[in-house]
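Q: My structure is below; once you've seen it, I'll send some questions.
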Amino acid sequence: MGYEMEFADKLSVLLPGIIIGVILFQTVVVAPTVFKSLGAELAGPFLRAIFPRLFLFVALCGFASCIERFFSNHELSFGLLSALVTVIFMLICFFLVPMTNKAKDNKNDGLFRGLHSLSVALTLVVLVVNLLAVFI
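Residue 84 in my numbering sits at position 94 of the sequence shown; the count goes up by one each step and never skips.
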């Protein structure tokens, strides 16, 4: 029983840590580097391919965190809520991608900015709740 509890405790920090690391790496390192290295014309198609994968990967980590939190606590906790927020918000971001791309392609700058801002805001919320989940 002790080993299982230790593993669950480690997993409850590891999964949010992976989520935090992936979001920070993607937004702080990958996206800016791609724009600087490839230019806007080549960066666009690359980022259109990578961001949906990011959203799905983070949602999958959030789902794994939901399972871990549910089976280790059997109760509603901040950790479980943060994992649920992660799954829901990242799936929303995933489904926003085609609409955001279409708005950009159609040069509908207002809609593009709104959808992109929503995606950024949801991703920031996921980052913050996972940071809090590690420390609460």
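Note that CB positions come from ideal geometry on N, CA and C, so glycine has one too.
Owing to the predicted nature of the structure, the values given are computational and were not obtained by experimental measurement.
Are G52 and R59 closer than 7 Å when you measure CB to CB?
A: By one-based count along the sequence shown, residue 52 stands at place 62. By one-based count along the sequence shown, residue 59 stands at place 69. The answer is no: Cβ separation not under 7 Å.
Q: By Cβ distance below 8 Å, which residues in the same chain neighbour K97 in space, the five residues on each side in sequence not counted?
A: For the purposes of this step, residue 97 is taken as residue 107 along the sequence shown, with counting starting at 1. The answer is none, since no qualifying residue turns up.
Q: Skipping 5 residues on each side, what residues in its chain have a beta carbon closer than 8 Å to that of F84?
A: Residue 84 sits at position 94 when you count from the first residue of the sequence shown. Contacts found: P42, F45, L46, A49.
Q: From what residue to what residue does the alpha helix (DSSP H) around I57 run?
A: For the purposes of this step, residue 57 is identified with residue 67 of the sequence shown, where counting begins at 1. Counting along the chain, the alpha helix (DSSP H) containing I57 begins and ends at 21 to 63.
Q: Taking 7 Å as the cut-off, decide whether the C-beta atoms of F79 and V116 are in contact.
A: Start at 1 with the first residue of the sequence shown, and residue 79 comes out as number 89. Start at 1 with the first residue of the sequence shown, and residue 116 comes out as number 126. Going by C-beta atoms, F79 is nearer than 7 Å to V116.
Q: Would you kindly check if the distance between the Cβ of F102 and the Cβ of A93 is under 7 Å?
A: On the sequence shown, residue 93 is found 103 positions in, with the first residue counted as 1. On the sequence shown, residue 102 is found 112 positions in, with the first residue counted as 1. Yes; because the gap between Cβ atoms is below 7 Å, this pair is in contact.
Q: Given that a residue counts as buried once 16 or more other Cβ atoms are within 10 Å of its Cβ, and exposed if not, what is T113?
A: As a working note, residue 113 is residue 123 in the sequence shown. With 16 or more other Cβ atoms within 10 Å, it is buried.
Q: Within this structure, are the beta carbons of V77 and V119 separated by less than 7 Å?
A: Position 87 of the sequence shown holds residue 77. Position 129 of the sequence shown holds residue 119. Contact flag unset, no.
Q: Whole angstroms are fine: how far does the CA of S27 sit from the CA of P35?
A: Residue mapping note: residue 35 aligns to position 45 of the sequence shown, counting from 1. Residue mapping note: residue 27 aligns to position 37 of the sequence shown, counting from 1. Between P35 and S27, the C-alpha separation is close to 14 Å.
Q: Apart from the five residues just before and just after L86, which ones in its own chain have a Cβ nearer than 7 Å to its Cβ?
A: Taking the first residue of the sequence shown as 1, we reach residue 86 at position 96. Hits under 7 Å: L105, L108, S109.
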